[in-house]
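For the sequence shown, our numbering assigns the number 214 to the initial residue and increments by one for each residue that follows.
Virtual Cβ for every residue (Gly too), placed ideally from N, Cα, C.
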Amino acid sequence: MSKFWPKGGLPGILHHYTETLVTFEYTSPTTTHKPHSLLFIGGLGDGLATTSYTVDLVRALAPTEWSFFTLNLTSSYSSWGTGHLDRDADEIAACARYIKEYKSDKFGGDGVKVVLMGHSTGSQCVLHYLSQPNPLRTKHAFDAELEHVERPAVDGAIMQAPVSDREAILWVLQHGFKGRSSAEVKAVWDKLGTLAKEIAAKGESSSAVDEILPLWMTSYIYPADTPISARRFLSLFSPDSPAAPGEDDMFSSDLADEQFTRTFGMVKDRGLLRHKLMVLMSGADQAVPDWIDKEALLDRWRAATDREGDAAEQIWDKGSGLIPNASHALSNDDQTEARRFLVGRVLGYLQGAEDV
């Protein structure tokens, strides 16, 4: 039984935004006029309603004009190991467009708002959505049937617990994991890196670029039931960083400012964000190594986002910052105050988005 979600469940509507992908809208018995929507994107391993703190957001939004949506992506649950950010962004675009059209048909007018909120690797999805060419221009041999779509502009974007997968892994390699010593984990991880590079070297023209790595090896850090391709491994672990970061390596503290200008710094230029970008790091995030200065890193992201422009042109939201004492997903037993803080920041941000 869940210790966060209420027994008996919460009411809502299951929508198909494609033939095979769904989004769930929580409904409120007290407020029926809800033209605006907060679309939540979870992290690696997440799917429909798997991030526990979202129950607090659902309850907080119940008396407002905002609906809370959670969605399934092709990369949801245990499929993230063969997923990629381009497909995620295209599917999020399809969902956002569906929600916008659904709410516009239901409530009429042009005042319908859609805001994206990403948790953990969902933050990478949000930043990829906002910062990359529209539509995307990439062609992938491993996902040849993917057709890029034009992504609709959104009325706001929130990133919660954006973390570097690479730096989290480096911390594990230093301290060990799952009862294994650091030497044991590092020995296997070094072999994995070599194997993944050998597979990738065969070239994108070969289907082998998405060859699955041995589960017994990847299970030293990742779940034993999650297949991970050489391509996604290299994107997340990004062995050539910080000089040449992989697609997923957006948030590492050792990246040069120039790298941040290619992600955070492109949000304004792409024109896909109508309001501001709010970034909320967890103050006690167990996925962030203790050698990282979170406040300093946030300030570097802010500088890259706003590029020291005029105040009127700045898009970094003033509500950005650390959630005091918050764990990565705010799921520990002592997270009541952290969750309350998060809800307050999100509600304040949405009020601002409404007024734009």
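Would you mind giving the Cβ-Cβ distance between residue i and residue j, rounded to the nearest angstrom? I have them listed as a contact below 8 Å.
| i | j | result |
| --- | --- | --- |
| V385 | L485 | At roughly 34 Å, the Cβ-Cβ gap does not stay under 8 Å, so V385 and L485 are not in contact. |
| D438 | D378 | Not confirmed; about 19 Å, so no contact. |
| W279 | K247 | 6 Å |
| T283 | L257 | About 16 Å; that fails the 8 Å criterion. |
| L349 | A302 | 7 Å |
| A500 | V376 | 5 Å |
| G496 | A542 | Contact flag wrong, Cβ pair sits at about 13 Å. |
| G369 | H488 | 4 Å |
| R446 | L426 | What sits at residue 446 in the sequence shown is Phe, not Arg. The pair is a contact, with the Cβ atoms about 6 Å apart (cut-off 8 Å). |
| V235 | S344 | Their Cβ separation, rounded to whole angstroms, is 27 Å, which puts V235 and S344 out of contact at 8 Å. |
| Y433 | R393 | 7 Å |
| D356 | H297 | 7 Å |
| G478 | R444 | Not a contact, Cβ separation roughly 26 Å. |
| Q337 | M463 | 6 Å |
| L535 | Y266 | That pair is no contact at about 16 Å. |
| I441 | G222 | Incorrect: roughly 33 Å between the Cβ atoms, too far for contact. |
So what does residue i bridge to, in DSSP terms?
| i | result |
| --- | --- |
| E238 | I226, F282 |
| R393 | F390 |
| H297 | Answer is none; H297 lacks a bridge partner. |
| W384 | W384 pairs with nothing; no bridge assigned. |
| H249 | W279 |
| V367 | L486 |
| I425 | S442 |
| I412 | In DSSP, I412 forms no bridge with anything. |
| R254 | Residue identity differs from the one stated: residue 254 is Ile in this sequence, not Arg. Paired residues: G331. |
Taking the beta strand (DSSP E) that residue i falls in, what are its first and last residues?
| i | result |
| --- | --- |
| I536 | 534-536 |
| A370 | 370-373 |
Of the choices the options, whose alpha-carbon is the least far from that of residue i?
| i | options | result |
| --- | --- | --- |
| D453 | G496, G406, F253 | G406 |
| L227 | F237, V492, T233 | F237 |
| R272 | R553, E567, Q548, V569 | R553 |
| G321 | D519, H249, I505, M430 | H249 |
| D323 | G392, G335, K313 | K313 |
| E483 | A309, T231, G294, E363 | In the sequence under discussion, the amino acid at residue 483 is Arg, which differs from the Glu named in the question. When only C-alpha atoms are compared, the closest one is E363. |
| L563 | G532, R445, E526 | G532 |
| T240 | W514, H361, S333, A275 | A275 |
| L359 | S292, R300, E521, T476 | R300 |
| W504 | I305, P224, Q337, S466 | S466 |
| E471 | M430, W402, D506, A516 | A516 |
| T518 | L490, D506, K507 | L490 |
| H332 | H353, L493, A456, T431 | L493 |
| Y595 | A414, E304, G389, W514 | The chain is shown only over 214 to 569; residue 595 falls outside these bounds and no answer can be derived. |
| T244 | T277, V268, T263, L252 | T277 |
| F217 | R513, H361, Q548 | Q548 |
| H361 | A307, G557, P502 | A307 |
| R430 | L468, S288, W529, V401 | Checking the displayed sequence, the identity of residue 430 turns out to be Met instead of Arg. Selected option, being the one with the closest Cα: V401. |
| I371 | M330, K399, P346 | M330 |
| G561 | L252, E397, L270 | L270 |
| P242 | L468, P224, T263 | P224 |
| K220 | E380, V268, D403, L535 | V268 |
| V325 | L251, K391, P346 | L251 |
| S291 | A457, T476, L428 | L428 |
| E232 | E304, T264, G255 | E304 |
| P502 | L286, D546, T474, Q387 | Q387 |
| V339 | A456, L510, I254 | I254 |
By the DSSP assignment, the alpha helix (DSSP H) with residue i in it spans what residues?
| i | result |
| --- | --- |
| L428 | 428-431 |
| A443 | 443-450 |
| F473 | 470-474 |
| Q548 | Element bounds for Q548: n/a, residue is neither H nor E. |
| D269 | 267-274 |
Taking Cβ positions only, does residue i come closer than 9 Å to chain B?
| i | result |
| --- | --- |
| S265 | No chain B appears in the structure shown, which is made up of a single protein chain. |
My parser needs the beta strand (DSSP E) runs of 3 or more residues fully inside the stretch 311-363; what are they? Fully enclosed beta strand (DSSP E) runs of 3 or longer: 327-332.
Please give the ranges of any beta strand (DSSP E) in the stretch 450-535, keeping only runs that are unbroken, at least 3 residues long and fully inside the region. Counting whole runs of 3 or more residues, the stretch 450-535 contains the beta strand (DSSP E) stretches 490-495.
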